[in-house]
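Quick notes on the structure that follows.
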Amino acid sequence: MRAATTIEASGAPWAETVDFVVEAERLGLDVCWVAEAWGSDAPSPLGYLAARTARMLLGSGVVQVGTRSAALVAQTALTLQTMSQGRFLLGLGSSGPQVLEGLHGVPFAHPLGRMRETVEVVRRVMAGEKVTYEGRHVSLPLPGGEARPMRVSVAADTRVPVYLATLSPRMLRLTGEVADGWLGTSFVPEGAATSLEPLAEGAAAAGRTLADLDLCQGAEIAFARDEDELATMLDERRAGLAFSLGGMGSASRNFYHDAYARQGFADVAAEVRALWQDGRRDDAAAAVPREMVAATTLIGTEDGVRERLAVWRDAGITTVRLYPAGADLGRRLDTLARGIELVKEIG
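Quick note: the sequence shown uses this note's numbering, first residue 428, plus one each step.
Here it is in structure tokens:
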């Protein structure tokens with residue numbers, strides 16, 4: 428397995444974030460993903476980090492489809508591929524209705540079709556083609572106008588891997604069919620079949636197998652000295668999981684809730700969501716059992732984390748995104764260093 432992490436340019440001071448990434452590379456980290464969501468954008472910090480690192484891969488985790496034209500996504504990918512000297516990974520995601528419609532003012536409808544068409548156009552642009560495309564969501568050149576097909580002036584490069592961040596079965600099938608890797612979340616290794624089976628179906632439709640994809644999953648990692656401290660740490664994470672189950676997405680659509688429900692936590696997910704939407708957030712957090720927090724994170728004693736990483740490996744995960752806990756930069760890096768060592772040991 429490879430070891431990865433995800434950072435954001437918003438939140439912590441940027442200089443501290445850069446120090447974290449530079450030191451993470453020195454510690455042996457393989458991949459650094461940069462998140463976007465509704466905070467900072469992903470491409471800007473990736474360009475900066477390309478100049479401050481030399482070995483690790485750098486990925487957008489993720490560029491949100493619909494916020495940029497497909498051609499601009501490809502231009503951005505080619506630019507970052509050049510700036511990083513061939514170390515860029517293009518991660519794409521459909522986001523959700525709250526972010527796309529509430530923040531960007533673009534429709535969320537038909538995410539599957541938008542994602543498929545975006546990937547097809549991105550690959551044509553990166554191949555250096557004069558792009559002509561007639562889709563439901565993307566038409567190039569714009570019909571009825573005066574434009575002719577164009578190619579971008581930046582050098583073509585078809586080596587940029589495309590990763591899709593997906594959760595629903597249909598989007599997972601698309602990932603298996605058209606992507607080089609999967610950026611997953613809300614993962615329970617004991618329920619991995621609910622994700623891996625549709626991924627495998629999509630791969631088979633394209634004449635491939637799951638072995639042709641990098642399966643990249645992430646979770647918070649933290650180390651407890653003993654079982655008593657572990658119980659406290661698990662309790663502290665209940666509120667964050669309650670937010671994912673009840674507060675993410677819109678009132679009618681929450682892909683994280685649905686993903687956990689498919690992986691064996693349907694009753695818990697329904698109860699937490701109902702409490703959250705009723706405004707009872709403390710009760711929602713209390714309704715999350717410790718067992719669920721433990722199943723969906725890498726929080727434990729060192730032996731416990733080692734055992735969980737082996738379960739992730741055996742479930743088919745090939746890259747682990749580590750979100751290290753810690754009250755300050757030094758403690759986060761200490762946690763990350765221990766995590767990287769265990770990933771290398773298990774892998």
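All C-beta atoms in this analysis are idealised placements derived from N, C-alpha and C, irrespective of residue type, glycine included.
Exposure label - ASP741; buried when at least 16 CB within 10 Å: exposed
Strand pairing of GLU647, partner residues [DSSP]: TYR750
Simplified DSSP state of PHE670, which is helix, strand or coil: helix
Beta-bridge partners of TYR560, as assigned by DSSP: TYR560 is bridged to LEU567.
Check whether LEU519 and LEU473 have beta carbons under 7 Å apart: Result no, Cβ atoms of LEU519 and LEU473 do not sit closer than 7 Å.
Sequence-distant residues of its chain with Cβ nearer than 8 Å to LEU601 (five each side left out): LEU539, MET542, ARG543, LEU591, THR593 and GLY629
Boundaries (first-last residue) of the beta strand (DSSP E) holding ALA430: 429-434
Nearest candidate by alpha-carbon position, reference GLY603, set ALA649, ASP639, LEU485 and LEU527: ASP639
N- and C-terminal bounds of the alpha helix (DSSP H) containing PHE515: Counting along the chain, PHE515 falls outside any alpha helix (DSSP H), though it belongs to the beta strand (DSSP E) covering 515-520.
Assigned secondary structure, LEU504 (DSSP; H/G/I helix, E/B strand, else coil): Residue identity check: residue 504 is Ala in the sequence provided, not Leu. ALA504 falls in the helix class under three-state DSSP.
CB of ALA477 within 7 Å of CB of SER522, strictly: no
Short Cβ contact (7 Å threshold) for ALA712 with ALA646: no
Assigned exposure category for GLY438 - 16 Cβ within 10 Å defines buried: exposed
Cβ pair count under 8 Å reaching 3, the stretch 651-665 against the stretch 620-636: no
Segment limits, alpha helix (DSSP H) that includes GLY757: 756-773
C-alpha gap between VAL449 and PHE515, whole angstroms: 16 Å
Residue span of the alpha helix (DSSP H) that contains SER622, given as start and end: 620-632
Among ARG700, ASP705, LEU626 and CYS643, nearest to THR433 - alpha-carbon criterion: CYS643
Three-pair Cβ contact test at 8 Å for the stretch 544-556 versus the stretch 486-499: Yes, the stretch 544-556 is in contact with the stretch 486-499.
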